[in-house]
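Written out below as structure tokens is the structure these notes cover.
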Amino acid sequence: MQFEKQVEILAPKEKVWNFIWDVDRFIACVPGCKEAKTIEAGKLYSATMIEKVGPFRVEFPTTIEVLEREEWTRIKAQASGVDNKIGSRMKLSLDVNLREQGEKTVLGFVAGVDILGKLAALGHGIIKRKADQVLDEFAQAVKKRLEGDS
Amino acid sequence: MLRRFRLEEPQSVTEVSELLGRFGESAKVYAGGTELLLAMKEGLVQYERLINVKNVDGLNQVTADNGTIRIGALCTHHQLETSSVVKQKLAALARLEQNVANVRVRQVGTLGGNLCFAEPHADPGILLLALGANMIAERTASKREISAEVFFVDAYETCLEADEVLTEIRVPVPEGKSGVAYLKFGYLERPSVGVAVALRVDGDGKSIEAAKIAVGCAGPAPKRVPEAEELTKGRGVDEAKTNLSKAGEIAARAAQAISDLHGSQEYKEHIVGVLLKRAFQNALSQC
Chain D
1 MQFEKQVEIL APKEKVWNFI WDVDRFIACV PGCKEAKTIE AGKLYSATMI
51 EKVGPFRVEF PTTIEVLERE EWTRIKAQAS GVDNKIGSRM KLSLDVNLRE
101 QGEKTVLGFV AGVDILGKLA ALGHGIIKRK ADQVLDEFAQ AVKKRLEGDS
Chain V
1001 MLRRFRLEEP QSVTEVSELL GRFGESAKVY AGGTELLLAM KEGLVQYERL
1051 INVKNVDGLN QVTADNGTIR IGALCTHHQL ETSSVVKQKL AALARLEQNV
1101 ANVRVRQVGT LGGNLCFAEP HADPGILLLA LGANMIAERT ASKREISAEV
1151 FFVDAYETCL EADEVLTEIR VPVPEGKSGV AYLKFGYLER PSVGVAVALR
1201 VDGDGKSIEA AKIAVGCAGP APKRVPEAEE LTKGRGVDEA KTNLSKAGEI
1251 AARAAQAISD LHGSQEYKEH IVGVLLKRAF QNALSQC
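Structure, rendered in structure tokens:
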């Protein structure tokens, strides 16, 4: 499942960039994400992702690895996690880019999400919709947090 | 394989509500179990306790009361497809129930369970929306009536509170010269698109006095489509028929169709339009 999102933030690029690397504040914008830890600053992080669709609940202890980093401009990362309780695996590839547009910064990201295992029995469509919702909420939360700060 | 769980056997709605309140998300109401037990066997959900409501008296009756059909939440699909009251007063619901899943599911699966599980590919909720049904939800010290329009929130999600129990479905009997149709399209037992239309025409059958349109299965939850209804309601029959293409487009968008193995979003939207026209004609022919 591929998703492309873009959000305009009324804040300078540097502020957005610094926010992304402030793990605690950034993680607070990811719906269902908790217990974020820095394993190796700028390279390796861990977090637990908890999501619900009706009565179905998944909890993915997730490792996030930063693959590429172009200062002020682009981050490429991947994440993966396994929920052993329901036998499902989540894989995420994330390409984040920042672009200046006057007083605003356009934060764009392309996310590839794969859900494997029993959870897939819920149906591709339902999972895709949920992932789409999570990414939308995330984008709006980042915007709100940054613009609220300015 | 099913993991171990404790089976609670309450005898009243109050006891069910108390158990739900006490054990929260670790407990779940169990009626027919046709969907819940499958999900549990797959390991998709786990509950420490199942609250068996099948011993609660008075929840498996169908009665006609002053222009309303009261359906106990524990009525099985089979009960409804064979009920003389339903066949006489709500023929469209009886027909729908004849085609729910398969005979094994219909024998044990309950209407209340179907509505509460809120599986997106389910037929009954769509027709109940078009019929203007209300759900009765009870808890220890209170009872409330919920319109079908607000009952369904999202995929697998209803507006029931954690300790509320669905006890009854109240369906108004269509009045005057009316007709109701539910049509679905799908793969084997799984509906991919469902459309329901309920109409009432005036005395000489020349104009549409009332129209209700609902869609479901294609998206996360069934939905009534007032904007599509407006294109037929209060209009001459011919004008309403002419407007059906536009109404179909509006209903298709409202369905929030999701692409999956059984069809793309565009395909399902097209099918909504086709079924809407056919269901409208079918309902009209009954008036």
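Residue numbers (our numbering), protein chains in the order written: chain D, 1 to 150; chain V, 1001 to 1287.
Every residue, glycine too, gets a C-beta built ideally from N, C-alpha and C.
Keep in mind it's a predicted model, so treat the numbers as computed, not measured.
Alpha helix (DSSP H) segment containing residue i, residue limits
i, result
"V/Gln1098", "1091-1098"
"D/Asn18", "13-20"
"V/Asn1282", "1265-1286"
"D/Asp24", "23-27"
"D/Met49", "That residue, D/Met49, is in no alpha helix (DSSP H); its beta strand (DSSP E) goes 44-53."
"D/Met90", "Not the alpha helix (DSSP H): D/Met90 falls in the beta strand (DSSP E), residues 88-101."
"V/Ser1017", "1013-1023"
"D/Gln78", "Unbroken run through D/Gln78 is the beta strand (DSSP E), 74-83; no alpha helix (DSSP H)."
"V/Lys1028", "First-last for V/Lys1028: 1027-1030, but that is the beta strand (DSSP E), not the alpha helix (DSSP H)."
Distance, residue j Cα to residue i Cα
i, j, result
"V/Glu1138", "V/Arg1253", "34 Å"
"V/Gln1079", "V/Gln1107", "8 Å"
"D/Arg103", "D/Leu146", "At residue 103 of chain D the sequence reads Glu, which differs from the Arg that was named. Their backbone Cα atoms lie some 13 Å apart in a straight line."
"V/Gln1098", "D/Val53", "29 Å"
"D/Val23", "D/Lys13", "17 Å"
"V/Arg1144", "V/Ile1136", "6 Å"
"V/Ser1192", "V/Cys1217", "5 Å"
"V/Leu1199", "D/Gly112", "46 Å"
"D/Lys37", "D/Ser80", "15 Å"
"V/Lys1041", "V/Ala1279", "37 Å"
"D/Glu4", "V/Val1150", "31 Å"
"D/Lys94", "V/Phe1185", "The question names Lys, but residue 94 of chain D is Leu in the sequence shown. Using only the alpha carbons, I get a separation of about 37 Å."
"V/Gly1113", "V/Ala1101", "14 Å"
"V/Gly1273", "V/Tyr1267", "10 Å"
"V/Asn1201", "V/Glu1015", "As written in the sequence, residue 1201 of chain V is Val, which differs from the Asn given in the question. Looking at the two C-alpha atoms, the distance is approximately 46 Å."
"V/Glu1164", "V/Ala1031", "15 Å"
"V/Gln1256", "V/Pro1220", "7 Å"
"V/Glu1025", "V/Pro1124", "26 Å"
"D/Ser150", "D/Ala11", "Caution applies to D/Ser150, whose pLDDT of 46 falls short of 50 and renders its modelled position unreliable; the value that the coordinates give is listed next. So the alpha carbons of these two residues sit roughly 7 Å apart."
"V/Tyr1182", "V/Glu1009", "36 Å"
"D/Val134", "D/Val142", "12 Å"
"D/Ala121", "V/Val1237", "44 Å"
"V/Gly1176", "D/Val7", "53 Å"
"V/Leu1002", "D/Gly87", "14 Å"
"V/His1262", "D/Val66", "37 Å"
"D/Phe26", "D/Phe60", "18 Å"
"D/Leu119", "V/Leu1036", "15 Å"
"V/Ala1251", "V/His1077", "27 Å"
"V/Pro1226", "V/Leu1129", "11 Å"
"V/Leu1276", "D/Phe19", "50 Å"
Minimum C-alpha distance to residue i - residue among the options
i, options, result
"D/Lys76", "D/Phe138, D/Leu44, D/Val134", "D/Leu44"
"V/Gln1286", "V/Ala1214, V/Gly1043, V/Pro1174", "V/Pro1174"
"V/Tyr1288", "V/Leu1115, V/Arg1070, V/Asn1060", "Residue 1288 of chain V lies beyond the residue range present for chain V, which begins at 1001 and ends at 1287; the question has no answer from this structure."
"D/Thr32", "D/Lys143, D/Ala131, D/Gly148, D/Lys144", "In the sequence under discussion, the amino acid at residue 32 of chain D is Gly, which differs from the Thr named in the question. Minimum Cα distance to D/Gly32 is reached at D/Ala131."
"D/Val30", "D/Lys15, D/Ile39, D/Thr62, D/Gln2", "D/Thr62"
"D/Arg129", "V/Leu1183, V/Asp1154, V/Ala1228", "V/Asp1154"
"V/Phe1117", "V/Val1171, V/Leu1127, V/Lys1028", "V/Lys1028"
"V/Ile1258", "D/Gly123, D/Gly108, D/Lys34, D/Glu137", "D/Gly123"
"D/Asp83", "D/Glu40, D/Thr48, D/Ala11", "D/Thr48"
"D/Glu40", "D/Pro55, D/Phe56, D/Phe26, D/Trp21", "D/Trp21"
"V/Ser1017", "V/Gly1203, V/Ile1126, V/Thr1167, V/Leu1002", "V/Thr1167"
"V/Glu1269", "V/Lys1054, V/Ile1126, V/Gly1194", "V/Gly1194"
"D/Asn97", "D/Gly148, D/Gly108, D/Lys91", "D/Gly108"
"D/Glu51", "D/Ile127, D/Gln101, D/Glu65", "D/Ile127"
"V/Ala1007", "V/Ala1247, V/Asn1055, V/His1121", "Sequence inspection shows Leu at residue 1007 of chain V; the Ala mentioned does not correspond to that position. Minimum Cα distance to V/Leu1007 is reached at V/Asn1055."
"V/Leu1059", "V/Leu1261, V/Arg1004, V/Thr1140, V/Gln1011", "V/Gln1011"
"V/Lys1223", "V/Ala1092, V/Ala1122, V/Leu1074, V/Val1062", "V/Ala1122"
"D/Val110", "D/Val58, D/Ser46, D/Asp136", "D/Asp136"
Bounding residues of the beta strand (DSSP E) (the contiguous stretch that carries residue i)
i, result
"V/Phe1152", "1152-1154"
"D/Cys33", "33-40"
"V/Glu1119", "That residue, V/Glu1119, is in no beta strand (DSSP E); it is neither H nor E in DSSP."
"V/Arg1190", "1190-1201"
"V/Asp1238", "Here V/Asp1238 belongs to no beta strand (DSSP E); instead the alpha helix (DSSP H) covers 1237-1242."
"D/Thr63", "56-70"
"V/Met1040", "Careful: V/Met1040 lies outside any beta strand (DSSP E), inside the alpha helix (DSSP H) at 1036-1041."
CB contact check: residue i to chain A, cutoff 7 Å
i, result
"D/Ile50", "The structure shown contains no chain A; its protein chains are D and V."
Do the stretch 1077-1088 of chain V and the stretch 1042-1051 of chain V touch if we need at least three Cβ pairs shorter than 8 Å? no
Where the stretch 91-124 of chain D meets chain V: residues whose CB sits under 9 Å from a CB there: Lys118, Leu119, Ala121, Leu122, Gly123, His124
Taking beta-carbon pairs under 7 Å, can you tell me which members of the stretch 53-76 of chain D lie near chain V? Val53, Gly54, Pro55, Phe56
Going along the chain, which residues of the stretch 1009-1033 of chain V sit with their C-beta nearer than 9 Å to a C-beta in chain D? Glu1025, Lys1028
Along the stretch 1042-1059 of chain V, where does the CB come closer than 8 Å to a CB of chain D? Name the residues. Glu1042, Gly1043, Leu1044, Val1045, Gln1046
What residues in the stretch 1150-1166 of chain V have a beta carbon less than 8 Å from any beta carbon of chain D? Asp1154, Ala1155, Tyr1156, Glu1157
Scan the stretch 3-30 of chain D for residues whose Cβ lies nearer than 9 Å to a Cβ of chain V and list them as they occur along the chain. none
Name, going along the chain, the residues of the stretch 1247-1261 of chain V whose beta-carbon falls closer than 9 Å to a beta-carbon of chain D. Cβ contacts with chain D: Gln1256, Ala1257, Ile1258, Ser1259, Asp1260, Leu1261.
By the 7 Å beta-carbon criterion, what residues does the stretch 1213-1229 of chain V contribute toward chain D? Pro1220
Taking beta-carbon pairs under 8 Å, can you tell me which members of the stretch 1118-1129 of chain V lie near chain D? The residues in question are Ala1118, Pro1120.
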